[in-house]
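Here's the structure we're looking at; comments come further down.
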Amino acid sequence: METRELARPLVQNRVQAAIMRIARAEEGPVSRSKLPRLIGVSRSKVSMEVQRLSEAGLIAEYGLAESDGGRRSSLLGIPPSAGLVAAVDLGATSIDVALITLGGEILAHRGESVDIKDGPRIILGRVKVRLEELLGEQSAESREVLSVGIGIPGPVEHAAGVLRSPHIMPGWDRFLIQDAFAAEYAAPILVDNDVNVMALGEHWGGVGREVDNMLFVKIGTGIGGGIIADGCLYRGVQGCAGDIGHICVEPDGPVCSCGNKGCLEAMAAAPAIARKAERCAREELSPTLARVLAERGEVRANDVGEAASLGDYHALEIIRDCGRLVGRVLATLVSTLNPSLIVIGGGVANIGHSLLAEIRSTVYGRSVPQATRSLPVVLSGLDRLAGITGAGVLAAEGVLQTGG
Ligand SMILES: [Zn+2]
0 METRELARPL
10 VQNRVQAAIM
20 RIARAEEGPV
30 SRSKLPRLIG
40 VSRSKVSMEV
50 QRLSEAGLIA
60 EYGLAESDGG
70 RRSSLLGIPP
80 SAGLVAAVDL
90 GATSIDVALI
100 TLGGEILAHR
110 GESVDIKDGP
120 RIILGRVKVR
130 LEELLGEQSA
140 ESREVLSVGI
150 GIPGPVEHAA
160 GVLRSPHIMP
170 GWDRFLIQDA
180 FAAEYAAPIL
190 VDNDVNVMAL
200 GEHWGGVGRE
210 VDNMLFVKIG
220 TGIGGGIIAD
230 GCLYRGVQGC
240 AGDIGHICVE
250 PDGPVCSCGN
260 KGCLEAMAAA
270 PAIARKAERC
280 AREELSPTLA
290 RVLAERGEVR
300 ANDVGEAASL
310 GDYHALEIIR
320 DCGRLVGRVL
330 ATLVSTLNPS
340 LIVIGGGVAN
350 IGHSLLAEIR
360 STVYGRSVPQ
370 ATRSLPVVLS
380 GLDRLAGITG
390 AGVLAAEGVL
400 QTGG
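If you use numbering that gives the first Met the number 0, the sequence shown corresponds to residues 0 to 403, in order.
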């Protein structure tokens, strides 16, 4: 993750930061009476800081909480007027941008298809045009944006704050994303890899809301993992934690974009699924896939899902193969991290129920029983919005932190 210093901190101290984070929870406004216990400070301290946040326009009252026996406490939330953040979700083949209130409501969202290989200047130029359009629609200006959160499909070096040898993104190596936004946005620019950002989104507003330890796995053009440990994103020393796509699953397997052989990504991501499907079509093992190849000249991963839903045996086997490979790597992670939830997202996640079923049975079959006694393996609840939601979380957390 890379950050730029805030010119003027939004919150003044640790208690204010904690109040804002709790008020930002996806469940909606929080009862004021719960704050002292949740934060671990006195009622009078909470009162004083709520008053200050309220005067700054960052907190507002939203009626009264249910009575717990005594006097009814007020509900506190973040008003839309507190400010907005910009969220950017870059994928290998698409960009999504959104304006989100500091409280977490998506005000406007737009996406378009791109090729990330076009390089940072063209792609980030498109992002800025889309953001300007959204700001115009909201009658807002770029200087009103409190922070920008960006998810990017490559490894982001935490300490140096740059992209580090992104295999699928020639031209992006060592590129400083923040510099591209500096002229228009006088705000912190926070960048993290796309899967970490999706994990943040799913943890804040998706199926991971209730858990503190979870794994998010993205299966798309590439494969990656995001680790939430004890309620926080775990990035590791260089920001590479969770980069499961380059774990070797077949020493003599196909060459991966990283240069090694037999990485999980080279064996089970969308291009690998398409490659296996095309071979099946050429060898006429699958009449459905052969028809797709004859009509279109290529076979894509989602064609395999459709063929499988029609009962095509070979298409189903390709999906099961992918599920088994991902499941084996996840079983190792389950033994290492002992999470309470695994969430599967990304473009390939919805290829068919058989993928999730195969991942589940492999994880359960290859992990120690104590670790999987209560371990749901589920599809992303936010689906295509996971990246945008997480970029909004990254942006908001960037302005709600303080050293005080
Ligand atoms: Zn690799």
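We put the CB at the ideal spot given by N, CA and C, even for glycine.
Close beta carbons around residue i, own chain, < 6 Å, minus the five adjacent residues each side
{"i": "G389", "result": "V196, M197, L199 and G200"}
{"i": "V325", "result": "A267 and I358"}
{"i": "E4", "result": "Only weak support is given to the placement of E4: the predicted model assigns it a pLDDT of 48, under 50, and the question is left unresolved by the model."}
{"i": "R42", "result": "P35"}
{"i": "A306", "result": "T287, L288 and A314"}
{"i": "P253", "result": "A265"}
{"i": "D211", "result": "D229 and G230"}
{"i": "R163", "result": "P154 and E156"}
{"i": "L384", "result": "none"}
Residue i burial status per 10 Å Cβ neighbour count (16 or more: buried)
{"i": "Q15", "result": "buried"}
{"i": "G56", "result": "exposed"}
{"i": "G207", "result": "buried"}
{"i": "G238", "result": "buried"}
{"i": "A293", "result": "exposed"}
{"i": "G403", "result": "Any answer about G403 is weak, because its pLDDT of 43 lies below 50 and its placement is not dependable; what the coordinates show is given next. G403 should be labelled exposed."}
{"i": "H202", "result": "buried"}
{"i": "D251", "result": "exposed"}
{"i": "H352", "result": "exposed"}
{"i": "S285", "result": "buried"}
{"i": "D178", "result": "exposed"}
{"i": "E277", "result": "buried"}
{"i": "V408", "result": "Because the chain spans 0 through 403 in this model, residue 408 falls outside it and cannot be assessed."}
{"i": "L309", "result": "exposed"}
{"i": "R23", "result": "buried"}
{"i": "V405", "result": "Nothing in the structure corresponds to residue 405, since the chain is present only between 0 and 403."}
Same chain, Cβ closer than 7 Å to residue i, neighbours up to 5 away in sequence not counted
{"i": "T2", "result": "Reliability fails at T2, whose pLDDT of 48 lies under 50, so the model's placement of it is uncertain and the value that follows must be treated cautiously. The residues are P187, L189 and G397."}
{"i": "C255", "result": "H245, C262, E264 and A265"}
{"i": "T361", "result": "G322, R323, G326, R327 and A330"}
{"i": "P8", "result": "T401"}
{"i": "Y184", "result": "S141, V144 and V147"}
{"i": "P169", "result": "K116"}
DSSP state of residue i mapped onto helix, strand, coil
{"i": "M168", "result": "coil"}
{"i": "R109", "result": "strand"}
{"i": "D251", "result": "coil"}
{"i": "F174", "result": "coil"}
{"i": "V218", "result": "The amino acid at residue 218 is misidentified as Val; the sequence shows Ile. Reduced to three states, the DSSP call for I218 is strand."}
{"i": "I246", "result": "coil"}
{"i": "G225", "result": "strand"}
{"i": "V347", "result": "coil"}
{"i": "S32", "result": "helix"}
{"i": "N195", "result": "helix"}
{"i": "L123", "result": "helix"}
{"i": "S66", "result": "coil"}
{"i": "V298", "result": "coil"}
{"i": "T371", "result": "helix"}
{"i": "S334", "result": "helix"}
{"i": "A185", "result": "coil"}
{"i": "I58", "result": "coil"}
{"i": "L9", "result": "coil"}
{"i": "C239", "result": "coil"}
{"i": "T401", "result": "coil"}
{"i": "A280", "result": "helix"}
{"i": "L381", "result": "coil"}
{"i": "G304", "result": "helix"}
{"i": "S46", "result": "helix"}
One or two residues paired with residue i in a DSSP bridge
{"i": "I341", "result": "L214 and V376"}
{"i": "S353", "result": "None, per the DSSP bridge assignment."}
{"i": "L89", "result": "I94"}
{"i": "L74", "result": "S30"}
{"i": "A265", "result": "Per DSSP, none; premise fails for A265."}
{"i": "E156", "result": "V161"}
{"i": "L232", "result": "I227"}
{"i": "T100", "result": "L83"}
{"i": "I149", "result": "V87 and V190"}
{"i": "K260", "result": "V254"}
{"i": "V144", "result": "L83"}
Close-in-space but distant-in-sequence residues of the same chain around residue i (CB under 8 Å, 5 per side omitted)
{"i": "E48", "result": "N12, V14, Q15 and I18"}
{"i": "I167", "result": "A91, I115, K116, P152, G153, T220, G221 and S256"}
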